[in-house]
Amino acid sequence: MGLFLAGSAQAASVAERASAGAVPPSAALAVAFSRDIRPEAKFDASAGVQVDKAFDLIRSGRQAKAVRLFDKVIASADRSLAGDSRARLCRSDRTVSAAHPDHVVLVDSALCDAHFGKGYALIDLGRGDLAEGELRKAMQMAPGNAHFANEYAELFKSRREWQKSYDAFAHAWAIADKDKAGPDADLAARALRGMGYTRMQMGDLEAAKRLFVQSQSYAPDSQAAKIELGTIARKLAIGS
1 MGLFLAGSAQ
11 AASVAERASA
21 GAVPPSAALA
31 VAFSRDIRPE
41 AKFDASAGVQ
51 VDKAFDLIRS
61 GRQAKAVRLF
71 DKVIASADRS
81 LAGDSRARLC
91 RSDRTVSAAH
101 PDHVVLVDSA
111 LCDAHFGKGY
121 ALIDLGRGDL
131 AEGELRKAMQ
141 MAPGNAHFAN
151 EYAELFKSRR
161 EWQKSYDAFA
171 HAWAIADKDK
181 AGPDADLAAR
191 ALRGMGYTRM
201 QMGDLEAAKR
211 LFVQSQSYAP
221 DSQAAKIELG
231 TIARKLAIGS
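In terms of our numbering, the sequence shown is numbered consecutively and its last residue is 240.
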């Protein structure tokens, strides 16, 4: 999968700065924080810069070095959070306003992006077995991030684990903003295409067709949707 960085962690994530499982929400997001109550872990001020550098390393083909840099950011955060058993929630995530301080500790967006980036680099290194846990952690810390969910789904898609892939794409679709002119439009379209593709692989061509057509309402110029709709039309015509 390509390094799809647009639309990552909803505010100041490294993905946005770079421009380029069914996963449970973080625990008990129920009571809104007071503006004066913002429990946050302290992080190295350079964490964001280190994460940006690590993504640059990925783009230049130096995945192993990127993993080591991501690990430094993660290790620093783990030391800062030692002894804190609360779920970690990325402070830029859209669900943060509903988080209960007894259950959740806010963390810098750099940590969420570090887990995501490490998972991505591990996939490139052929270690999808290790990548799965990192991508899951990123999703759990940013339960409102459709970009992370889409990438998690792509991992299962690459393994031909169609139901798991469909479920993760469906999760991405569920949390994406549905405004066709909004910032999540491409993410919503991608989730729908992923759902359509996995349905097609599972033999449900009519459902796949509906999903690809629906995706076009978010990304009308998508060549991927047009190609897959053509494939589905041929399969339906010959009854396969």
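Using N, Cα and C, we set each Cβ at its ideal position, and we do this for glycine too.
Residues that residue i bridges to, as DSSP identifies them
i	result
R267	Because the chain in this structure spans residues 1 to 240, residue 267 falls outside the shown range and cannot be described.
Rounded C-alpha distance that separates residue i from residue j
i	j	result
A181	V73	35 Å
E134	I238	42 Å
A208	D102	43 Å
S196	D177	In the sequence under discussion, the amino acid at residue 196 is Gly, which differs from the Ser named in the question. Computed Cα separation, rounded: 19 Å.
G194	V51	28 Å
S158	Q140	21 Å
D84	L106	11 Å
Q201	S215	17 Å
G144	R94	6 Å
L142	A172	Checking the sequence shown, residue 142 turns out to be Ala, not Leu. About 12 Å.
T198	G48	35 Å
Q163	F169	10 Å
S46	D71	14 Å
L89	V96	7 Å
I175	A188	9 Å
N150	A131	14 Å
D241	S217	The first residue shown for the chain is 1 and the last is 240, placing residue 241 beyond what the model contains.
A87	F156	25 Å
K226	E161	24 Å
G126	T231	30 Å
S222	F212	10 Å
F148	R136	9 Å
A98	Y152	24 Å
L229	L69	42 Å
A219	A146	16 Å
Selected residue, minimal CA-CA separation from residue i, among the options
i	options	result
L77	L111, A98, V105	In the sequence as presented, Leu is not what sits at residue 77; that position holds Ala. Among L111, A98, V105, the Cα nearest to that of A77 is on L111.
A114	G203, D56, T198	D56
D204	R190, Y218, A188, L236	L236
E154	P183, A185, K226, F116	F116
R210	L192, I227, S222	L192
G245	D186, S109, A138, V104	The structure shown does not extend to residue 245, since the chain is modelled only from 1 to 240, so the question has no answer here.
D166	G128, R190, V67	The question names Asp, but residue 166 is Tyr in the sequence shown. With distances taken between Cα atoms, Y166 lies closest to R190.
A66	A121, P220, R91, A224	A121
Counted within 10 angstroms of its Cβ, other Cβ atoms place residue i as buried (16 or more) or exposed
i	result
S34	With a pLDDT of 33 at S34, under the threshold of 50, the modelled position of that residue is not reliable, and the figure given next carries that caveat. So S34 ends up on the exposed side.
S60	exposed
Q63	buried
A233	exposed
D184	buried
E206	exposed
A82	exposed
A75	exposed
R79	exposed
D242	Because the chain is modelled from 1 through 240, residue 242 falls outside the range shown and cannot be assessed.
R186	Correcting the residue identity first, residue 186 is Asp in this sequence and not Arg. By the neighbour-count rule (16 or more Cβ atoms within 10 Å), D186 is buried.
Any non-hydrogen atom of the ligand SAM within 7 Å of residue i CB
i	result
V105	Among the components modelled here there is no ligand, and therefore nothing to report on the ligand SAM.
Residue i at chain C interface by Cβ criterion, 8 Å
i	result
A98	The chain labelled as chain C is not found in the depicted structure, where only one protein chain is given.
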